[in-house]
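To start, the structure under review is shown below, and the notes come after it.
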Amino acid sequence: MKLHSIELVDFRQFMGQQTIEFSSYGVQNVTDIYGENGRGKTSIFRALMFCLYGDRSLSQDELTGDQKKMGLVLVNEIALKENIGEQVESKVTIDFSHKEQHFKITRKILGLMRPDGTIVQDAGDQVELQQTDEKGNTLPVETDPDKVKLQIQDILNSRLRDYFLFDGERIERLTRNTKERRAEVRKGIRALLDLDAMELAIKGLDKLILQIEKDIKYKSTGELQRVTTLIDELNTKIEDLESEQEHGEQESKRLEHRIYKISELISINKETAEKERKRQELIKNKQDKKVEKDELKKEIAYRLNKSGQLVAYELIEQLRAELELRHDRGELPPDIRKGFVERLLEQERCICGTSLDLQHQKERENLLEFMRKHYTPGLGEESMNLLLFLNRISSANEGLANEFNRLLIINKKLNDEIKDLEIKIKLLGDELGEGGTSIDDLIQERNQCEEDMKALDREMDRRAHDIIISQKEREEWRKKAYILEKQQDHVKSLVDRRNLTKDTLTELTKIYDRFADNVKRKLAGKATENFSRLADEETQKDIKKISIDDNYMLDVLNWTGQRRLGEISAGQRQIVSLSFIMGLIQVAGNLEVPLFMDTPFGRLSGVHRDKLLDSIPKMASQWILLATDTEFTAIEADALRQTNSWGKIYELNKEEEGVTRIVHREVSQFVPKRRSIH
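Following this note's numbering, the numbering of the sequence shown begins with 719 at its first residue and continues without gaps.
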């Protein structure tokens, strides 16, 4: 699929009719849409999703309940204000081609502003799809929404629509702590699997098991009834906790997104921009330290799993000291084997030729004394072997103790650095919150959101712990129930049904996991290939591959196979994130789609930026770069020109509050507002 143009009519901040023609022919496949934050770069992508799929919001909007159902206001609000009480039509038209066929799709939505200022939009929209086949035949216009949906789905599967836009938030989530990273990776793999029916079956079987256990409770008697009642209560408790946890995760994403958006507004306000820039840098540094700490925790856990002997450290050292003392006294067997000395006595001749018969009683007595001294019962050859083994263990324990001391010192250092950063962040936050600016309300709202986020994180950690404890307790009661069930024949049929359902669930889960493992391997392979293209030579010396483990954890491995994500720089982690996201599209077989990247440079070094600008046009069929003035400077513009892939540039200019004008510029003459990021 290649985009040729998009036309917007009164859509979001784009008032009137405005058009962007995308660079889509030959080697020039890059279009740059340039503008400050808040000018409408993401709205261009939003218009694409609305026109193709009828989406009124993006996943990153983190809307919930009725908000998600209604979506955002898409009709330009200035046009609505100028026509109070009258309907205003917002329209998006996209020209694109796919497999030598040409398509033109238009989607319209009506909105109205009431006299009291409230805005309502039609629940439905109108869509038209015009297709011209490979022979140049124009087919009848399709207006049936369901048929249009099927045709668009066949061209560009909506399951992956969240990944057509590489936005800063998603890239950040993939470089944060383990929980957020794991959730983002799992979400991407689920989108690739396209196994909704199997997921529904797994959930259905799980619920069926709970229902059968409830039925067993009602039919059982005595001790079994008491145990099954406890199991049922735990089932209900776990279900409630998991439901609360799911709502908590949604609220966490909503708060996170709101904080992100408010921070963007604070960063572009002249009164607060400098302090906010420093604050955001400190926050990013804190996030980096937290990633390092998470990786350190995993390393400590790994070492603990291999360090069971440390539990018996004192006992080992006492026994080793006792055996060493006996060895020094000569009470442990020497290297001479006992059997060898016994044969000498039996043959009555030493290896030196001396006779050991009764006529040489002294020599014979010396050997017997040697036997009594060195081969005392309980202090045989096995004692010497034990001492050698304990010496090895002691040496290993010393190494482990030193390693744990090293890790704990690093952990303390990270904790101190995080606390120091938190103090600095709070001080800057307090300075911003002192008032006297035009956005005091936003600053106060963000402060409240951040406090709510901290409280929610604590609550979710506690709830996650409660779920684990309850699940363990339930398993213990289930073991008791299995024994008691055999004593009550009247529940046998229900028990058989439950066991059959459990076996089916186990097998279905194995099949699903096999599919997931296959996707994980492919995805890790593609991500590694992308990383080798995007990373500089120095980075590639440290990192061999990108991995995705059984728990959906994205990580990088060095040449010895050790995890190293916590040790690489923030810029290198961003390259890992970009490599993974591109891998998702590649594994889906959809690199023939336009890739939208919303300010992807972040904290990339100059070398990594140049690699990105040079590599992406070669990897993708079409690249639409949504760039801010702070990230796309004269340096990036010069580097992109040198690739000869840059075909179009449009600048988003603010005309008035709520209105952005799209202005076409010439690539050869375009001069960014900033010379560099500094």
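Yeah, the Cβ is synthetic: ideal placement off N, Cα and C, and Gly gets one too. Owing to the predicted nature of the structure, the values given are computational and were not obtained by experimental measurement.
Neighbour-count burial assignment, residue i, 16 or more Cβ in a 10 Å radius
i, result
"residue 859", "exposed"
"residue 1329", "buried"
"residue 833", "exposed"
"residue 1070", "exposed"
"residue 841", "exposed"
"residue 961", "exposed"
"residue 1120", "exposed"
"residue 747", "buried"
"residue 954", "exposed"
"residue 1107", "exposed"
"residue 725", "buried"
"residue 1382", "exposed"
"residue 835", "exposed"
"residue 741", "buried"
Backbone secondary structure at residue i - three-state DSSP
i, result
"residue 1019", "helix"
"residue 1344", "strand"
"residue 1211", "helix"
"residue 802", "coil"
"residue 670", "For the chain, the structure presents residues 719 to 1396; residue 670 sits outside this window and is missing."
"residue 1323", "coil"
"residue 930", "helix"
"residue 1409", "No answer is possible for residue 1409: the residues shown for the chain start at 719 and end at 1396."
"residue 1204", "coil"
"residue 733", "strand"
"residue 1121", "helix"
"residue 1155", "coil"
"residue 1261", "coil"
"residue 1011", "helix"
"residue 1349", "coil"
"residue 773", "coil"
"residue 1107", "helix"
"residue 1374", "strand"
"residue 1389", "coil"
"residue 793", "strand"
Cutoff 6 Å; reference residue i; Cβ partners in own chain excluding five residues on either side
i, result
"residue 1315", "884, 1343"
"residue 779", "none"
"residue 1240", "1305"
"residue 1411", "A question about residue 1411 goes unanswered here, because the residues of the chain that appear run from 719 up to 1396."
"residue 1035", "none"
"residue 1318", "884"
"residue 1352", "1390, 1393"
Bridge-paired residues (DSSP) for residue i
i, result
"residue 1364", "748"
"residue 1381", "1369"
"residue 838", "830"
"residue 1281", "1275"
"residue 847", "823, 860"
"residue 816", "819"
"residue 1297", "Beta-bridge pairing links residue 1297 to no other residue."
"residue 720", "815"
"residue 1316", "1344"
"residue 1073", "1067"
"residue 726", "736, 810"
Cut-off 7 Å between Cβ atoms - residues of its own chain near residue i, not counting five sequence neighbours on either side
i, result
"residue 797", "728, 733, 806"
"residue 1397", "Residue numbering for the chain in the displayed model covers 719 to 1396; residue 1397 lies beyond these limits and cannot be assessed."
"residue 863", "845"
"residue 745", "1362, 1363"
"residue 1377", "731, 733, 796"
"residue 1196", "949"
"residue 942", "1199, 1202, 1203, 1206"
"residue 1246", "1263, 1264"
"residue 1397", "There is simply no residue 1397 to check, as the chain begins at 719 and stops at 1396 in what is shown."
"residue 945", "1195, 1198, 1199, 1202"
"residue 1169", "none"
"residue 1323", "1289"
"residue 995", "985"
Proximal residues to residue i (C-beta, below 8 Å), its chain only, five neighbours per side dropped
i, result
"residue 1084", "none"
"residue 959", "1181, 1184, 1185, 1188"
"residue 1401", "Only positions 719 to 1396 of the chain appear in this structure, which leaves residue 1401 out of reach."
"residue 788", "774, 839"
"residue 1347", "752, 753, 754, 1390, 1391, 1392"
"residue 925", "none"
Within-8 Å CB hit, residue i to chain C
i, result
"residue 1259", "The structure shown contains no chain C; it holds only a single protein chain."
Pair every Cβ in the stretch 913-930 with every Cβ in the stretch 1166-1183, then say whether three or more of these pairs are closer than 8 Å.
Contact annotation: the stretch 913-930 does not touch the stretch 1166-1183, with fewer than three C-beta pairs closer than 8 Å.
Can at least three beta-carbon pairs, one atom from the stretch 1223-1238 and one from the stretch 1248-1263, be found at a separation below 8 Å?
Output reads no: the stretch 1248-1263 does not touch the stretch 1223-1238.
Quick one: any contact between the stretch 1135-1147 and the stretch 997-1006, if contact means 3 or more CB pairs under 8 Å?
Touching, yes.
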